[in-house]
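Last residue of the sequence shown? That's 266 in the working numbering, and every number before it is there in order. We put the beta carbon where it would ideally sit given N, CA and C, even for glycine. Quantities reported herein were computed from a predicted structural model and do not represent experimental measurements. See below for the structure under consideration.
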Amino acid sequence: MFVDPACAHPDRDPAMTLQHFTDGVERALLDRMAQGDMGAFETFYRLYHPRLLRFVSRTGRVLEQAEDLIQETLLLVWQNPERFSGTSRVSTWVFGIAYKKMLKALSRASRRSADVDIADIEEVLGDPLGDFSERTETRDWLERALDELSAEQRAVIDLTFSHGMSYEEIARVLDCPENTVKTRMYHARRRIQAFAAAQGA
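This is the structure we're talking about:
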């Protein structure tokens, strides 16, 4: 009999319960991959390819290299599943690998990756990211606003709003202190809010 993991513990947050359930499935796949199970890898690949494609394309703006970066990331997972320490969610580990490979690609392309200094930008009231995933009418200007951010800031935005990660998880992915994640989010929000105000959004 199938039991919806979100209903198994009604006192828990359904989203968090589902995350734990999903992570358990992914850990089991890693265990099977460590035994050389190609079928497990194919399942894992199907789970992560679309998520990594969105992350790499949106964060690094390297669509032409995205497929190669994803292949390299998932190949490393297949070849070294034992590198997963078990101290985080599987997704945190996988996205961390992809992020490091993306930064190397950006470095090779001599792309700017430093945080934007926006100390002189006046804070704009409102939060255009409040319903980030639903405001389809603002998608065009939001994409242009994201182009103004560094890769690190775009990573924080995307991992938060598209992948539902906490600041603690994002810090693991980006291999930086949690306070650094919060600072990047603060500056990214201000930059996007300023852009929104300039566009009259």
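| query | result |
| --- | --- |
| According to the neighbour-count rule (16 or more other Cβ atoms, all chains shown, within 10 Å of its Cβ), is A24 buried or exposed? | Coverage of the chain is limited to positions 66 through 266, which leaves residue 24 absent and any answer about it impossible. |
| Examine the Cβ distances between the segment 82-101 and the segment 117-136 and report whether three or more of them are shorter than 8 Å. | no |
| Measuring straight from C-alpha to C-alpha, what distance separates H228 and L112? | 13 Å |
| What is the rounded straight-line gap between the Cα of W158 and the Cα of A261? | 33 Å |
| My understanding is that F120 touches A170, with C-beta atoms under 8 Å, so please give their C-beta distance in whole angstroms. | Not confirmed; about 13 Å, so no contact. |
| My output table needs one value for T245: the three-state DSSP class, helix, strand or coil. | helix |
| Kindly indicate which residue of P115, D133, L139 has the alpha-carbon position closest to the one of M103. | L139 |
| Within a Cβ cutoff of 7 Å, which residues of the same chain sit near R92, ignoring the five residues on either side of it in sequence? | V155 |
| Would you kindly check if the distance between the Cβ of R249 and the Cβ of E213 is under 7 Å? | no |
| Which of the three DSSP states, helix, strand or coil, is assigned to H114? | helix |
| Please state whether the Cβ-Cβ distance between K165 and L134 is less than 7 Å. | no |
| Where does A263 land, buried or exposed, given buried means 16+ other C-beta within 10 angstroms? | exposed |
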